[in-house]
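In this note's numbering, the protein residues as written are 619 to 753.
Remarks on the structure that follows.
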């Protein structure tokens, strides 16, 4: 697994995305999949930056690997912030207009729809969110 650890701030999203693109390119990842993963990184890291630690801040580690059978990209986000499972949040009603829809949840919804698998656990004092995309 190749990984990067950064301060959980939105200013580091570009650094993590650039690292991800280098790793995914080295794996021969298709451009469409890489773009979907880049969007997922942006959404998930934004949520960690805004909600996981509060004002004291903290770190996030993002790991990348390729799995076989089926062949897929696996991206793992790990932080020691407030325990929170984003998969338990009810999906927004996308049939409503933006004005009538509740604020929040659209980013994770987009990630859920674009990835093939997502899982969450809280273990050893860490939030661990894993997203997987078939190649």
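Every residue, glycine too, gets a C-beta built ideally from N, C-alpha and C.
Specify the secondary structure class of residue i as computed by DSSP and reduced to three states.
i           : result
residue 792 : Residue 792 falls outside the range modelled here, since the chain spans only 619 to 753, and no answer is possible.
residue 587 : Nothing can be reported for residue 587, as the shown portion of the chain is limited to 619 through 753.
residue 745 : strand
residue 719 : Confidence in residue 719 is poor, its pLDDT being 49 and thus under 50, which makes the residue's placement unreliable; the coordinate value appears in the next sentence. The answer is coil: DSSP assigns residue 719 none of H, G, I, E or B.
residue 622 : strand
residue 703 : coil
residue 627 : coil
residue 669 : helix
For chain D, is any of its Cβ atoms less than 9 Å away from the one on residue i?
i           : result
residue 730 : The question asks about chain D, but that chain is absent: this structure has only one protein chain.
Excluding five sequence neighbours on each side, which residues of the same chain lie with their C-beta closer than 7 Å to the C-beta of residue i?
i           : result
residue 634 : 622, 624, 659, 663 and 680
residue 751 : 651, 654, 655, 690, 691, 733 and 734
Please report the distance separating the alpha-carbon of residue i from that of residue j.
i           : j           : result
residue 641 : residue 647 : 9 Å
residue 685 : residue 699 : 27 Å
residue 707 : residue 661 : 15 Å
residue 683 : residue 669 : 26 Å
residue 731 : residue 629 : 26 Å
residue 727 : residue 740 : 20 Å
residue 643 : residue 696 : 22 Å
Where does the unbroken beta strand (DSSP E) through residue i begin, and where does it stop?
i           : result
residue 686 : Careful: residue 686 lies outside any beta strand (DSSP E) and carries neither H nor E.
Could you pull out every residue in the same chain whose Cβ sits closer than 6 Å to the Cβ of residue i, ignoring the five residues on either side in sequence?
i           : result
residue 738 : 703, 705 and 747
Under DSSP, the alpha helix (DSSP H) around residue i begins and ends at which residues?
i           : result
residue 650 : 649-665
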